[in-house]
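Visitor: For reference, the structure I am asking about is given below.
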Amino acid sequence: VGIEMEHFPEFENDVEFTERLVAEQSVHCLPATCFEYPNFFRVVITVPKVMMLEACSRIQEFCELHYHCAEGSQEECDK
């Protein structure tokens, strides 16, 4: 999953983003920097559907809480 880091200025990189996601929402993801693919995170999808849907809801909540429009952007922010 891609992270547009300019919209999450409180995080320096995908590692900080995923660490806070784990701490705040108990959703465990891997920062893709581990795979030399910065500004993305990896989600394991081998869990039951109900658990995956819950994780997606928590990721959305986390993103809505931390998302900021890019400074000077005239377009409407799409969360």
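My numbering numbers the first residue of the sequence shown as 35 and each following residue consecutively.
Just so you know, even glycine gets a beta-carbon here, dropped at the ideal spot from N, CA and C.
For clarity, every value in this text was computed on a predicted model and none was experimentally measured.
1) Give the secondary structure of Phe51 by DSSP, where H, G and I count as helix, E and B as strand, and everything else as coil.
2) Quick one, which of Glu53, Ile37, Gln59 has its alpha-carbon nearest Cys90's?
3) Mark Pro43 as exposed unless 16 or more other C-beta atoms lie within 10 angstroms of its C-beta, in which case mark it buried.
4) Between Ala66, Val61, Tyr71, which lies nearest to Leu87 when the distance is taken from Cα to Cα?
5) Can you tell me which of Ile37, Leu99, Val81 puts its alpha carbon nearest to the alpha carbon of Pro65?
6) Classify Leu55: buried if its beta carbon has 16 or more other beta carbons within 10 angstroms, exposed otherwise.
Guide: From the atom records:
1) In the structure shown, Phe51 sits in a helix (DSSP, three-state: H, G or I).
2) Gln59
3) exposed
4) From the listed residues Ala66, Val61, Tyr71, the smallest Cα separation to Leu87 is found for Val61.
5) Ile37
6) buried
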